[in-house]
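Chemist: This is the structure, below, for whatever I ask next.
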Amino acid sequence: MSERVRGGFPDIASAGTEQTYMAQNDKDYAIIVGIQSYPDFDTDGALEGPENDALAFRDWVISPTGGNVPDDKEHVTLIISADYKPPAATPDDARPMIMDVQGAFERLQNKAEENANNDQGLQVGRRLYIYMAGHGFAPREDQTALLMANAKRNRTGAVYHILGQYTADWFFKAKYFEEVILLMDCCRELYPVMGLNMSFNPSLAPGAVDKVKRFYGYATKWSRLSREKNIDGVRRGIFTATLMKALEGGAVDPDTGELTAQSLSDYLYTNMESLLDEAEKKRNDIQKEPEIDYYPKKGKGFVLMTVTPPTFRVTIRVPPAAVGKTAQILDGINLAPVETANAVTDPWVVDLKRGKYLALVLDAGLKKVIEVGGTGDVNESL
-16 MSERVRGGFP
-6 DIASAGTEQT
4 YMAQNDKDYA
14 IIVGIQSYPD
24 FDTDGALEGP
34 ENDALAFRDW
44 VISPTGGNVP
54 DDKEHVTLII
64 SADYKPPAAT
74 PDDARPMIMD
84 VQGAFERLQN
94 KAEENANNDQ
104 GLQVGRRLYI
114 YMAGHGFAPR
124 EDQTALLMAN
134 AKRNRTGAVY
144 HILGQYTADW
154 FFKAKYFEEV
164 ILLMDCCREL
174 YPVMGLNMSF
184 NPSLAPGAVD
194 KVKRFYGYAT
204 KWSRLSREKN
214 IDGVRRGIFT
224 ATLMKALEGG
234 AVDPDTGELT
244 AQSLSDYLYT
254 NMESLLDEAE
264 KKRNDIQKEP
274 EIDYYPKKGK
284 GFVLMTVTPP
294 TFRVTIRVPP
304 AAVGKTAQIL
314 DGINLAPVET
324 ANAVTDPWVV
334 DLKRGKYLAL
344 VLDAGLKKVI
354 EVGGTGDVNE
364 SL
């Protein structure tokens, strides 16, 4: 397998989603970081996926059928290794550094202060997206750090990392946003460090803990490694590749069109493993599940977006004895007819929403349960 670990210390998740174009979410903001050039770590094999992942997430954030956030520097900050040319030969000159990434968050703090000075309160907007990919580690169970490009194995302290959960927590506790989405595709290997980057002054707005909605998604469980591999010919983080399929329609409720915290979490837990081959699934060092936390936990959590439920192409191979006969596809829950072919052909091609179905050719004594999981096209045989 050609996969690579996204840890800081290697030596020790085809469907189309339709949506009515709406006014842009100009109260939403995104800070997206993808670091794949680390001079001190590249001798172990350079990362190749973080920029692809960051760009894919950025594209979804600004898409009218995705996050629908205005594509401008005020609302979307994209920080990737390719921004800094030529690539640094040594860690001392490597970027992005802490000032590049932390500066993006400080600009949001400045905006809050400007709002307050204009008697508009401290709230900056509705939703904040934070996405980070690259080498990482987890100095504590409740904190995951993204390493900056100038980090070294013996240089990981406060000025060489950004703590994802600490930063997300700070913004929700300050109540600068109504919703905070944190996504980290990096290792969470336990690694002691002298001094954590917790440089913001504490802030706790009244009601923030109970009112601010949040979704935190990590590529792997605490103390474990995350992975990247070639997926459809492109180097991707397994977590982010699964995430993008979810955001692009795979996790959308087929009845309501809602993408909720619960449906996104369920999809990620269920489908990350689908991007692994059989040999990879048997390896204990490759994580099969992410770690997700969201609030509120009651019911569906909260709605991230609502779209027209997508359909997925289902191709069913029909045996010669059944060709020309009446075939049906029934809903797997209430057995209501979904598709009928009075003279079925081989192959039988239909478009179905995510869910379970029962395909039948009664005159030929054929039946087959078909599951459309939302990960892409489906091929089955009766």
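So the sequence shown is numbered by the working numbering: it starts at -16 and just counts up by one.
Beta carbons are placed, not taken as given, at the ideal position from N, Cα and C, and that holds for glycine.
#1: Does the Cβ-Cβ distance between Arg136 and Asp23 come in under 9 Å?
#2: Looking at C-alpha atoms only, which residue of Pro273, Asp83, Asp249, Arg78 is the closest neighbour of Ser206?
#3: Does the beta-carbon distance from Ile18 to Ala151 come in below 9 Å?
#4: Compute the Euclidean distance between the alpha carbons of Val297 and Val44, then round it to the nearest angstrom.
#5: Quick one: what does DSSP say Asn213 is sitting in, helix, strand or coil?
#6: Take Val176 and list the residues in its own chain whose beta-carbon comes closer than 7 Å to its own, dropping the five residues that flank it on each side.
#7: Taking just the CA atoms, how far does Pro79 sit from Glu354?
#8: Kindly provide the ranges of any beta strand (DSSP E) runs that are 3 or more residues long and lie completely inside the region 73 to 144, ordered along the chain.
#9: Between the C-alpha atoms of Val59 and Glu256, what's the straight-line distance to the nearest angstrom?
#10: Could you compute how far the alpha carbon of Gln106 sits from the alpha carbon of Leu251?
#11: Candidates Thr127, Pro279, Lys212, Asp102: which alpha carbon is nearest Ile269's?
#12: Determine which residues share a DSSP beta bridge with Ile275 and list them.
#13: To the nearest angstrom, how far is the alpha carbon of Ala87 from that of Asp42?
#14: At the level of alpha carbons, what is the spacing between Ser(-3) and Lys271?
#15: Would you mind working out which of Leu313, Thr225, Pro302 sits nearest Tyr201, comparing C-alpha positions?
#16: Which ranges would you report for the beta strand (DSSP E) in the region 35 to 60 if only whole runs of at least 3 residues count?
#17: For Gly357 and Phe285, which I take to be in contact (beta-carbon distance under 8 Å), what is that distance rounded to the nearest angstrom?
#18: Measure the CB-CB distance between Val321 and Asp314 and report whether it falls below 9 Å.
#19: Which word fits Gly232, buried or exposed, when buried means at least 16 other C-beta atoms lie within 10 angstroms of its C-beta?
#20: Please classify Pro175: does DSSP put it in a helix, a strand, or coil?
Modeler: According to the structure data:
#1: yes
#2: Pro273
#3: no
#4: 28 Å
#5: strand
#6: Pro122, Thr139, Gly140
#7: 44 Å
#8: 108 to 116, 119 to 123, 126 to 130
#9: 31 Å
#10: 31 Å
#11: Lys212
#12: Gly200
#13: 19 Å
#14: Because Ser(-3) carries a pLDDT of 36, less than 50, the predicted location of this residue cannot be relied on, and the following value inherits that uncertainty. Each residue's Cα considered, the two are about 22 Å apart.
#15: Thr225
#16: none
#17: Contact flag wrong, Cβ pair sits at about 20 Å.
#18: yes
#19: buried
#20: coil
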